[in-house]
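As structure tokens, this is what we get:
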């Protein structure tokens, strides 16, 4: 929500927002149902189910972040914070991955 | 003093201050949960045993997802109501949001309690039986107890000459006496009746005299039924409690009685075991197989055959034993007399399940309360390698499940507290500057959406995949 545009506080705009929030909430429920259903569909291997589930979760999460948390119309500073966060989170996940490329692991010792 | 930039944007950031603050906080939260999700992946790919899949109740997790999404919508409606200067509507939406938070926690509490009362027993060879303890408890029964030896708080020198203090006897063991009175004779022939005060007096006196133990003889033999979590070790003639108290008598019964709802024989063979026949042979030597009632052995073989045929029909030319899903479905089986619980159940089977079983099982179970629809299986202590309820110590799955959902639950509670504060203590600020109150609610809302966002990942990761 930026406050320099005055029309963002107009009653018509707020009413539209209220409707949008309900719509997105509905879509989130729909996608949750889809997630549950697709986990019981046989795609040949369980890892495909996992990937599909995670993609759907990521999509739902971005709906929440972009619309519910207003990230789609946020100031640059917040994006800068989040860019750093993403770097650190990737770092955290990479640390996990390092274990699996260690020579001891690949040679079957661990 | 007035707090600056509650409504007006600060020139250098272009934002009011609380928004900068909450986003910095959320950034740290992303890294906190990111680290835990990373741990989840680490545990899951590194697991040397198939990761438990679909062990939680999906409908409950689904309802909670619905509740959180709905509450995310209501908190936004509350904020928009403030923006439109409709305070009553704001209060209604806010109250709904808080109710959702409470609803989430109530459902979570049911789920946790379900896990706490559900047990898994891993036999010496790795086969597993799951279910509820008969009558909700497992006790080691000891009879003909004639001596009780109380321990004092003895000190000894440990590594680096540090004083190690062992615990002294407390009155805890008294509550396990099932028959007889705690009346004893001490070594001098004096009569003592033990209770909490008497024990602490005896222990203190003995400590003063540097006497390590107090030996007491019972006036009449006692019977005990002891909770295993209080036992340090026991033999056929002696129990040592964790507080150091020893009792001597005769072991009467340490059989664990489980109302079994699942048998899992997957640990009996490596996953890449080539032939189903070999795996099936291995399974029929399992410890869990031995204690399984004959009718369930038959059902297991039928179940295995059915799953095998299904797999072969679907995936011609593939080795089913290389497929973890197949191995799970074919080598573990839900056990339910009413055949309503598991994927083994088929409509036409239901009828003969009941008919076959009613003669053997329904009758003895009829007078007991509780889980009528699961057969009671007696498991000897010597066959048990490990047993536990489904808490973090049971396996890595429950460890990370409780860590993730517990931390998330704390966030829900924290969110609910702040939302409640905003609902009941927001009027004053609203009257001075309604936009300030709207911004405060937006800030809480951002946190609340983040809690929702974390759950969006937790639900599929823990319940579905």
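Protein chains in written order, with the numbering used here: chain A, 98 to 207; chain B, 4 to 468.
C-beta: ideal position from N, C-alpha, C; glycine also.
The structure displayed is predicted, hence computed values, not measured ones.
Check, Outcome
"Closest by C-alpha distance to residue 196 of chain B, when choosing among B:204, B:186 and B:202", "B:186"
"Within chain B, partners of residue 140 of chain A - CB distance below 8 Å", "The premise fails here: residue 140 of chain A is roughly 11 Å from chain B at the closest Cβ pair, so nothing lies under 8 Å."
"Residue 166 of chain B in three-state terms, based on DSSP", "strand"
"Under 7 Å between C-beta atoms of residue 307 of chain B and residue 333 of chain B", "yes"
"Within-7 Å CB hit, residue 458 of chain B to chain A", "no"
"C-beta neighbour in chain A for residue 247 of chain B, strict 7 Å", "no"
"Cβ contact check for the stretch 138-154 of chain A and the stretch 93-107 of chain B: 3 or more pairs under 8 Å", "no"
"Whether residue 72 of chain B touches residue 122 of chain A by CB criterion (7 Å)", "yes"
"Distance between residue 202 of chain B and residue 168 of chain B (C-alpha atoms, nearest Å)", "18 Å"
"Within chain B, the residues that residue 157 of chain A reaches when beta carbons sit closer than 7 Å", "459"
"Coarse secondary structure for residue 137 of chain A, derived from DSSP in three states", "coil"
"Backbone CA spacing between residue 458 of chain B and residue 325 of chain B [nearest angstrom]", "33 Å"
"Opening and closing residue of the alpha helix (DSSP H) in which residue 431 of chain B lies", "430-435"
"Limits of the alpha helix (DSSP H) - the one that residue 261 of chain B falls within", "Here residue 261 of chain B belongs to no alpha helix (DSSP H); instead the beta strand (DSSP E) covers 259-267."
"CA-to-CA distance, residue 119 of chain B to residue 139 of chain B, given in whole angstroms", "11 Å"
"Contact with chain B by residue 128 of chain A, beta-carbon distance below 7 Å", "no"
"Residues near residue 18 of chain B by beta carbon distance below 6 Å, same chain, minus five either side", "12"
"Backbone CA spacing between residue 206 of chain B and residue 212 of chain B [nearest angstrom]", "10 Å"
"Own chain, CB closer than 6 Å to residue 344 of chain B, minus 5 neighbours either side, in chain order", "Here residue 344 of chain B scores only 43 on pLDDT, less than 50, and its place in the model should not be relied on; the value that follows carries that caveat. Excluding sequence neighbours, residue 344 of chain B sits near 337."
"Any chain A beta carbon closer than 7 Å to residue 370 of chain B", "Bear in mind that the predicted position of residue 370 of chain B carries a pLDDT of just 39, short of 50, making it too unreliable to give a figure here."
"Interface partners of residue 452 of chain B on chain A, CB under 8 Å", "161, 162, 165 and 166"
"Whole-angstrom distance between residue 57 of chain B and residue 354 of chain B, CA atom to CA atom", "At residue 354 of chain B, the pLDDT of 42 sits below 50, so the modelled position is not reliable; the number obtained from the coordinates is stated separately. Computed Cα separation, rounded: 27 Å."
"Alpha-carbon to alpha-carbon, residue 406 of chain B and residue 298 of chain B", "39 Å"
"Where residue 159 of chain B sits in the DSSP three-state scheme", "strand"
"When B:215, B:288, B:465 and B:91 are compared against residue 158 of chain B, the one with the closest alpha-carbon", "B:215"
"The stretch 26-35 of chain B contacting the stretch 178-189 of chain A, beta-carbon criterion three pairs below 8 Å", "yes"
"Under 7 Å by beta carbon: chain B residues contacting residue 119 of chain A", "76"
"Counted within 10 angstroms of its Cβ, other Cβ atoms place residue 221 of chain B as buried (16 or more) or exposed", "buried"
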